[in-house]
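Protein chains in written order, with this note's numbering: chain B, 221 to 461; chain C, 4 to 243.
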Amino acid sequence: MAYVWDQIRGAIPLITHGNAYIMGLLWVTIRVALVSTSLALVIGLPIGVALGIGRFRGRRALQVLANASLALPSVVVGVVLLLLLIRPGAFGSLHLAFTLRGVYIAQTVLALPYVIALTPAAIQGLAPGLLDQARALGAGRLQLATFALREAKIGVLAATIAALGAAISEVGAVVIVGGNIQGHDETLASGILEQFTFNNANDQYAVAIGLVLLALILVLIGALTVIQQRTGGIQLRFREA
Amino acid sequence: MRLLWAELRAAVPMILHGNPTLFSVIGFTLQVAVVATVIATIIGVPIGLAIGLGRFRGRQVLRVLANASLALPPVLVGAFLFVLFLPQAPFGSLQLIWTKRVVFVGQTILALPFIVALTAAAVQGLPPGLLAQARLLGAGRLQVATLALREARIGVMAAVIAALGTALSEVAAVAILGGNIYGYNQTLASATLYETNGGYYADALAIAIVLIALILVLMCGLAVLQHQGNGIRLRFRSAT
């Protein structure tokens with residue numbers, strides 16, 4: 221174990237002294253996480269709510285599809301997106317391949333299934349009759365949607381946490397679409413992969429990046445979990461009744 | 004879209020004509036996924052049962068830990084194991100780095116949290132009085148555990164499918180630990196990464212299509228299970 225401790229001890233100065241390379245990775249990762257999670261929420265919540273409260277044909281089929289998309293491997297998303305984004309491809313003229321904006325898109329696509337699949341699950345888990353009551357009392361579609369979202373906020377926050385986790389820690393699509401360009405669109409996770417595969421394992425850098433990534437996940441997911449638990453009273457009340 | 008179509012047209016014959024490299028990658032991937040999941044199930048189900056059923060101190064902490072380990076990025080797990088397996092490190096004498104065996108080891112460790120956390124959750128989701136009744140009727144620990152496992156079998160099977168899914172599509176730990184060596188220890192996912200980085204897009208797409216097909220089969224299995232699960236849960240609900 222002494223060897224591992226030495227590695228960690230060697231890595232800590234890199235973090236505390238704010239090594240420019242590692243801080244750059246951290247900054248890119250935070251941006252990717254926030255941008256992709258927000259985009260995924262903006263696009264995914266309306267779809268998720270529609271799937272959760274809608275009563276249209278094919279809703280079940282769409283929901284099965286949404287659940288299946290949770291299992292989409294990141295490398296597959298990466299290849300398909302890259303072929304759409306590079307030069308002769310459909311969106312090649314937008315110059316998105318191998319850029320940070322391309323990485324935003326890739327991580328949004330990967331975070332989206334969590335929002336789309338977990339939001340309807342949360343809404344359908346609400347106390348039976350709750351939404352029917354709102355409908356009976358004359359709530360319009362938009363009111364119903366807002367109401368459902370507010371009541372299911374624990375589940376929606378769980379979806380947000382899962383989406384954020386995917387946006388931070390996924391590596392396959394980032395490497396493929398972004399090209400892992402140092403100081404430009406490399407994230408902490410893809411930085412670790414690069415340290416181990418493409419260089420001759422520069423251990424202390426890799427360990428330092430790993431520690432920063434772990435800390436970032438603990439802080440972001442921890443904060444969201446605390447928010448989620450604070451809003452927890454409502455569901456408990458329903459259960460007691 | 005034309006680029007994607009052109010590459011797809013080149014990719015499909017590779018699958019249909021049975022490209023030998025592709026088939027060896029498929030074989031290795033299936034082998035890794037099955038072996039890793041089976042070992043993780045053998046180790047993980049008893050732990051999950053103990054965490055879910057046990058009434059010892061600190062089980063709450065263990066539950067949180069099990070759930071948290073689900074959120075660990077595979078790239079971190081891979082990096083951590085790599086450092087442990089380096090020649091100078093505690094497990095260096097096993098000489099695992101850049102071998103086939105290490106891919107099995109890594110995927111087993113990554114599959115374990117799914118089995119432990121989801122088994123514990125499935126057991127805890129059983130109707131509250133069921134296990135208490137069994138205890139009251141004089142069931143021993145082992146009998147209670149067997150009963151819980153049988154009653155929560157659908158949740159446990161869902162856990163197994165989730166573990167299989169990660170084993171199939173995970174790329175980071177495989178690439179770090181195994182070194183992503185062509186024709187040796189590549190899985191479908193890591194081979195996709197490799198071919199794309201090399202610019203062989205048609206090859207990458209062919210592999211990706213096979214990967215998606217395998218995952219779709221798994222998801223269908225899961226959907227069937229959940230369908231059965233709903234039936235059972237509904238029966239319980241109507242009984243109360």
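Think of the CB as a built atom: it goes at the ideal place given N, C-alpha and C, for glycine as much as any other residue. These numbers were taken from a predicted model, which means no experiment stands behind them.
Residue i, buried or exposed, once every other Cβ within 10 Å from all chains shown has been counted against 16
i	result
Arg451 (chain B)	Sequence check: residue 451 (chain B) is Thr here, not Arg. With fewer than 16 other Cβ atoms within 10 Å, it is exposed.
Phe59 (chain C)	exposed
Val220 (chain C)	exposed
Leu237 (chain C)	Confidence is the limiting factor: at Leu237 (chain C) the pLDDT is only 40, short of 50, which leaves the residue's position unreliable, though a coordinate-based value still follows. So Leu237 (chain C) counts as exposed.
Gly264 (chain B)	buried
Ser294 (chain B)	buried
Pro333 (chain B)	buried
Thr366 (chain B)	exposed
Thr44 (chain C)	buried
Leu113 (chain C)	buried
Ser96 (chain C)	exposed
Ile306 (chain B)	buried
Gln227 (chain B)	buried
Arg396 (chain B)	The question names Arg, but residue 396 (chain B) is Ile in the sequence shown. Buried, since its Cβ has 16 or more Cβ neighbours within 10 Å.
Gln327 (chain B)	buried
Phe276 (chain B)	exposed
Short CB-CB distance (under 7 Å) between residue i and chain B
i	result
Pro76 (chain C)	yes
Leu168 (chain C)	Sequence check: residue 168 (chain C) is Gly here, not Leu. For Gly168 (chain C), the answer is yes, since a Cβ of chain B falls inside 7 Å of its Cβ.
Phe59 (chain C)	no
Ile184 (chain C)	no
Gln91 (chain C)	yes
Ala43 (chain C)	no
Ala242 (chain C)	Unreliable positioning characterises Ala242 (chain C) in this predicted model, as indicated by a pLDDT of 39, which lies under 50. The coordinate reading is nonetheless provided below. Output row for Ala242 (chain C): interface = no.
Ser72 (chain C)	no
Phe85 (chain C)	yes
Ala148 (chain C)	no
Ile3 (chain C)	Absent from the structure is residue 3 (chain C), since the part of chain C shown begins at 4 and ends at 243.
Ala69 (chain C)	no
Leu115 (chain C)	no
Val159 (chain C)	no
Ile179 (chain C)	yes
Glu10 (chain C)	yes
Beta-carbon separation (whole angstroms), residue i vs residue j, contact threshold 8 Å
i	j	result
Ile118 (chain C)	Val80 (chain C)	About 15 Å separates the two Cβ atoms, so there is no contact after all.
Ala409 (chain B)	Ile441 (chain B)	Ala409 (chain B) to Ile441 (chain B), Cβ: 14 Å. No contact.
Ser172 (chain C)	Ile218 (chain C)	6 Å
Ala207 (chain C)	Thr195 (chain C)	5 Å
Val213 (chain C)	Ile29 (chain C)	6 Å
Leu369 (chain B)	Val269 (chain B)	6 Å
Ala288 (chain B)	Ala342 (chain B)	Ala288 (chain B) to Ala342 (chain B), Cβ: 18 Å. No contact.
Val126 (chain C)	Arg138 (chain C)	With a Cβ gap of about 14 Å, Val126 (chain C) and Arg138 (chain C) do not count as contacting.
Val41 (chain C)	Phe107 (chain C)	That pair is no contact at about 11 Å.
Ala436 (chain B)	Thr249 (chain B)	The question names Ala, but residue 436 (chain B) in the sequence shown is Leu. Confirmed, about 7 Å.
Cβ of residue i within 7 Å of any chain C Cβ
i	result
Thr339 (chain B)	no
Ala426 (chain B)	yes
Ala461 (chain B)	Reliability of the predicted coordinates at Ala461 (chain B) is poor, the pLDDT of 35 falling under 50, and the value obtained from them is presented with this limitation in mind. For Ala461 (chain B), the answer is no, since every Cβ of chain C falls outside 7 Å of its Cβ.
Tyr241 (chain B)	no
Leu288 (chain B)	What sits at residue 288 (chain B) in the sequence shown is Ala, not Leu. It does; some Cβ of chain C falls within 7 Å.
Phe416 (chain B)	yes
Leu456 (chain B)	Here the model assigns Leu456 (chain B) a pLDDT of 40, short of 50, so the residue's position is not dependable, and the following value carries that caveat. So, not an interface residue.
Gly309 (chain B)	yes
Val439 (chain B)	no
Leu303 (chain B)	yes
Pro333 (chain B)	no
Leu413 (chain B)	yes
Ile325 (chain B)	no
Ala409 (chain B)	yes
Pro348 (chain B)	no
7 Å Cβ cutoff met for residue i and residue j
i	j	result
Leu244 (chain B)	Pro340 (chain B)	Going by the sequence as given, residue 244 (chain B) is Gly instead of Leu. Taking 7 Å as the Cβ cut-off, Gly244 (chain B) and Pro340 (chain B) do not qualify as a contacting pair.
Leu444 (chain B)	Ile381 (chain B)	yes
Val105 (chain C)	Gly181 (chain C)	yes
Ala82 (chain C)	Gly398 (chain B)	no
Leu303 (chain B)	Gly309 (chain B)	yes
Val48 (chain C)	Thr122 (chain C)	yes
Gln386 (chain B)	Ala337 (chain B)	Checking the sequence shown, residue 386 (chain B) turns out to be Ala, not Gln. No; because the gap between Cβ atoms is not below 7 Å, this pair is not in contact.
Val296 (chain B)	Ile215 (chain C)	yes
Tyr223 (chain B)	Gln34 (chain C)	no
Thr257 (chain B)	Leu384 (chain B)	yes
Leu246 (chain B)	Ala428 (chain B)	no
Gly411 (chain B)	Gly298 (chain B)	no
Leu314 (chain B)	Ala175 (chain C)	no
Val335 (chain B)	Ala260 (chain B)	yes
Leu65 (chain C)	Met160 (chain C)	no
**Report entry** Ranges of the alpha helix (DSSP H) found wholly within the region 12 to 95 of chain C, counting only runs of at least 4
**Finding:** 23 to 56, 62 to 73, 77 to 88
Report task. Pick out the complete beta strand (DSSP E) segments inside the region 121 to 199 of chain C, 3 residues or longer, and give them in chain order. Result -> none
Query raised in the report: At what residue ranges does the region 333 to 366 of chain B contain a whole run of the alpha helix (DSSP H), taking only runs of 4 or more?
Result: 350 to 356
Query - Inside the region 264 to 305 of chain B only - beta strand (DSSP E) runs reaching at least 3 residues - result: none
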